[in-house]
Structures are given as structure tokens and as C-alpha cells.
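In the working numbering, the protein residues as written are 1 to 123. From the three backbone atoms N, C-alpha and C, an ideal C-beta is built for every residue, glycine too. Quantities reported herein were computed from a predicted structural model and do not represent experimental measurements.
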Amino acid sequence: MTSQTFLELDALIASLDHLIPQLNDFVHQINNLQIQHDVKLVSNLAGDLQLDVPINMSQSVEKFLETKLGILDRLRNTHGQSISELLDKGRFLEQQLKLENPRYTTRLSGQIAEFARLNGAFN
1 MTSQTFLELD ALIASLDHLI PQLNDFVHQI NNLQIQHDVK LVSNLAGDLQ LDVPINMSQS
61 VEKFLETKLG ILDRLRNTHG QSISELLDKG RFLEQQLKLE NPRYTTRLSG QIAEFARLNG
121 AFN
């Protein structure tokens, strides 16, 4: 079981190493949108981001920014959910490895820390 668990964990870490930089890019694009257009972001009750725009912004620019933010926020949420699920599975796999070898040390700490940082970017 151990070698299979290690293989699963390796594949899971590879997926995380692919998804986390993408999530970082979405967060970066949202931050840039906020800075470049002098808008504020607010979270609604569902946790989705919405714009608070200056009163003098044209409706066409506001609509464009809302659409762009909506796409980026959906991508951020989707990737965040996928990463969260992978981290849960990774923690489970590591618990199994720890049961078999009490000296096993986690390989997920970097991914967990980075996800927490990105996940808290707009909360």
C-alpha cells in the first residue's frame, strides 16, 4: 500500500503545483483590476466578489469590469475548490503514511501555506 500511496501523493502534489500558480495568477489579475481602475472589491454573503466603482465611472466600463471580475472570481472559486479537495485528499494520504511510518514528514506544508495566503487575499 505504501508505494501506491506515495504514487497517489506524487500525482496529487503535481496537480497542486499546477493549480496553485494558476490561482495566484487569478488573484494577481483581480488585484490589478482593482488598482488600475480604482475600484474596491466587496464580498457578498455567498463569498463572491463584487465591485464598488467610483460614481463618475461610465456604465459601459463598469459593465466590462463586472464581467471581467465575474469570470476571474469564478475561476478563482473553481480552482480554490479543486485545490481544497486535493489538499483534503493529500492530508488523508499523509495520515495513512504516518500510520505506517511515524517518522514520515508532510510534503504538503508549502502548498497548504500558499493556498491559505491566496484564499485569504479577499476575505
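Can you have a look at residue 39 and say buried or exposed, based on whether 16 or more other CB atoms are within 10 angstroms of its CB? Here residue 39 corresponds to residue number 39 of the sequence shown, with the count starting at 1. Under this definition residue 39 is a buried residue.
Flag this pair as yes or no: are the beta carbons of residue 118 and residue 24 separated by less than 8 Å? Sequence index remark: in the sequence shown, residue 118 carries index 118 (1-based). Sequence index remark: in the sequence shown, residue 24 carries index 24 (1-based). Contact flag set, yes.
For residue 91, tell me which candidate among 9, 60, 2, 102 has the shortest Cα-Cα distance. On the sequence shown, residue 91 is found 91 positions in, with the first residue counted as 1. Among 9, 60, 2, 102, the Cα nearest to that of residue 91 is on 9.
Buried or exposed by the 16-neighbour rule on C-beta atoms within 10 Å, applied to residue 26: As a working mapping, residue 26 is identified with position 26 in the sequence shown. So residue 26 counts as buried.
Just how far apart, CA to CA, sit residue 12 and residue 57? Against the sequence shown, residue 12 aligns to sequence position 12. Against the sequence shown, residue 57 aligns to sequence position 57. One C-alpha to the other measures close to 44 Å.
By Cβ distance below 7 Å, which residues in the same chain neighbour residue 115 in space, the five residues on each side in sequence not counted? Taking the sequence shown and counting its residues from 1, one reaches residue 115 at position 115. For residue 115, where only same-chain residues beyond five positions count, the Cβ hits under 7 Å are 20, 83, 87.
Relative to the C-alpha of residue 3, which candidate in 121, 93, 109, 120 has its C-alpha closest? As a first step, residue 3 is located in the sequence shown; it is residue number 3 there, counting from the start. Here the closest residue by C-alpha is 93.
With DSSP as the reference, please indicate the residues paired to residue 61 in a beta bridge. Along the sequence shown, one-based indexing puts residue 61 at 61. Note: residue 61 sits in no beta bridge, so no partner.
Please report how far the alpha carbon of residue 45 lies from the alpha carbon of residue 107, in whole angstroms. Residue 45 sits at position 45 when you count from the first residue of the sequence shown. Residue 107 sits at position 107 when you count from the first residue of the sequence shown. Approximately 34 Å between the Cα atoms of the pair.
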